[in-house]
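Working notes for the structure below.
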Amino acid sequence: MNWKLTFSRVKAALRRRGRTVHEAEDLVQEAWVRMASHGANDTVVNPAAFLMRTALNLSIDAHRAKGVHGTAVAIDDVVLVDVAPGAEALLLGKERLERMTVGLGRLPDRTREIFLAHRLDGRSYTEIARELGISINAVEKHVTKATLLLTSWMEGW
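If you count the sequence shown from 1, position 1 lands on -17 in the working numbering, and the numbers rise without skipping.
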């Protein structure tokens, strides 16, 4: 298991949920400690998923502990607007997700790994190149290749 990549993905998920870099690092570290202590008693079947879920739960707990609550507003002052997407938009979204999943599965393993590290985890070309021991130019080519193939597959489905 590539722990560095797993930690990056968990931190990225926490950052997307409003955590600072420092908070995300602390939460990942706490989740790691909990997983290590849990693993002493039981075997963790999917360590990456366990780490992600634990870190997200810790983030939620920390948010609740801050006592952040909404402001009281008179019900007469509230205007409710349904911003949920319609059935057609949901169906189109599911279809796009399916096409993207199939497209990602068609990519060569190395290209998919580099593409996801850059686009999903938000890592720079330099970081990826350093970690994989390849040139920055090679990283750029993998990301470009993945982008072109995925775009082609998404449009030609």
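All C-beta atoms, glycine included, are put in the ideal place defined by N, C-alpha and C.
Per-residue burial, residue i [other beta carbons within 10 Å of its own, 16 or more giving buried]
| i | result |
| --- | --- |
| residue 100 | buried |
| residue 10 | buried |
| residue 2 | exposed |
| residue -7 | buried |
| residue 33 | buried |
| residue 69 | exposed |
| residue 13 | buried |
| residue 134 | exposed |
Same chain, Cβ closer than 8 angstroms to residue i, five either side skipped, listed in chain order
| i | result |
| --- | --- |
| residue 96 | 110, 114, 121, 124, 125, 128 |
| residue -4 | 5, 6, 9, 10, 37, 38, 41 |
Own chain residues within Cβ distance below 7 angstroms of residue i, not counting five before or after
| i | result |
| --- | --- |
| residue 108 | 118 |
| residue 105 | -10, 99 |
Neighbourhood of residue i by C-beta distance below 6 angstroms, restricted to the same chain and skipping five residues each side
| i | result |
| --- | --- |
| residue 82 | none |
| residue 132 | 85 |
| residue 89 | 128 |
| residue 92 | none |
| residue 29 | none |
Span of the alpha helix (DSSP H) around residue i
| i | result |
| --- | --- |
| residue 30 | 29 to 47 |
Whole-angstrom C-beta distance between residue j and residue i, which should lie under 8 angstroms
| i | j | result |
| --- | --- | --- |
| residue 20 | residue 27 | Wrong, their Cβ atoms sit about 11 angstroms apart, outside the cutoff. |
Problem set entry | Secondary structure, alpha helix (DSSP H): runs of 4+ residues fully inside the segment 70 to 135 | 91 to 101, 107 to 114
Exercise. Can you give, in chain order, each stretch of the alpha helix (DSSP H) that sits fully within the segment -12 to 16 and has at least 4 residues?
Worked result: none
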